[in-house]
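Notes follow the structure.
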Amino acid sequence: MRLHKTVNVLFIAVGYILVTGFELSAQTIVAGVFLYICFGILMYGGLYSFNSVADRVRDHKNGLPNPLYKLSLAEVLLHACVAFVFVVLGQTLISIYFRQIVYICFVLIGINLVYSFVLKRYFMIGGVLLIATTGPLKVMSGVLLAGGNVYDYWWIFIVHYVGSVIFHGVKNYRRGLL
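Just so we're aligned: the sequence shown equals residues 264 to 441 in my numbering.
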């Protein structure tokens with residue numbers, strides 16, 4: 264699991280801060296740490312692990328590092344099962360403790376699976392356009408958790424989406440994938 268990639272939960276913090284300012288209480292900090300565990304480590308960590316499984320052979324052919332390529336098929340399937348458990352556990356905890364964002368999290372899971380297993384392989388431009396929606400959806404989650412109205416921040420979501428399309432497009436172009 265790539266824990267350094269779980270900082271994407273910071274987009275949720277940005278949405279929360281947009282609504283509340285920098286007013287932080289001990290309760291908010293504890294809830295933020297718990298959300299990081301549920302969303303960043305469990306749910307998204309599991310999704311990144313699924314992505315590694317999906318990219319196992321392709322990464323090897325393109326000379327990119329992927330430690331799963333060295334594992335047997337049984338070990339890769341075990342890795343995928345653990346990733347599945349992480350995603351389900353993370354989503355279950357989010358459903359219990361962060362109900363305001365449960366549907367967005369289901370959408371994020373779907374987006375990441377479609378990207379990893381379909382678009383990334385067959386239609387990378389579509390993959391870039393789809394995966395760029397995840398950042399704005401995370402900011403939207405923060406706005407909802409803070410009790411804000413997402414319509415008040417529509418322009419931030421649009422600017423973030425355009426910036427994400429550019430970022431992912433350039434990144435994949437430089438890797439020779441576009």
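We put the CB at the ideal spot given by N, CA and C, even for glycine. From a predicted model like this one, the values you see are computed outputs, not experimental measurements.
The alpha helix (DSSP H) runs lying completely inside the stretch 400–424 and spanning 4 residues or more number zero. Non-local C-beta neighbours of Val413 in its own chain, meaning closer than 8 Å and more than five positions away in sequence, comprise Met403, Val406, Leu407, Phe420, ordered along the chain. Contact annotation: Val391 and Asn435 have beta-carbon atoms nearer than 8 Å.
Between Gly373 and Cys301, the CB-CB gap reaches or exceeds 8 Å. With fewer than 16 other Cβ atoms inside 10 Å of its own Cβ, Val433 counts as exposed. The stretch 271–279 makes no contact with the stretch 333–342, as fewer than three CB pairs between them are under 8 Å. Shown here, Gly284 sits in coil according to DSSP, grouped into three states, outside any helix or strand. Apart from sequence neighbours up to five positions away, the residues of its chain that approach Leu382 with a beta-carbon distance below 7 Å are Gly389, Gly390, Leu393, ordered along the chain. In the same chain as Val316, and ignoring 5 residues on each side of it, the C-beta atoms closer than 8 Å to its own belong to Leu331, Val339, His342, Ala343, Ala346, in chain order.
The Cβ atoms of Gly410 and Val282 lie closer than 8 Å to each other.
Counting only the Cα atoms, Leu336 lies some 44 Å from Ile280. Between Leu310 and Met387 the beta-carbon gap is near 18 Å, outside 8 Å, which marks them as no contact.
Take the alpha-carbon of Ile429 and the one of Tyr360: they are about 34 Å apart. Only exposed fits Phe369, as fewer than 16 other CB atoms lie within 10 angstroms of its CB.
Judged by DSSP secondary structure, Ile292 falls within the alpha helix (DSSP H) whose first and last residues are 289–298. The beta carbons of Thr397 and Leu371 sit closer together than 8 Å.
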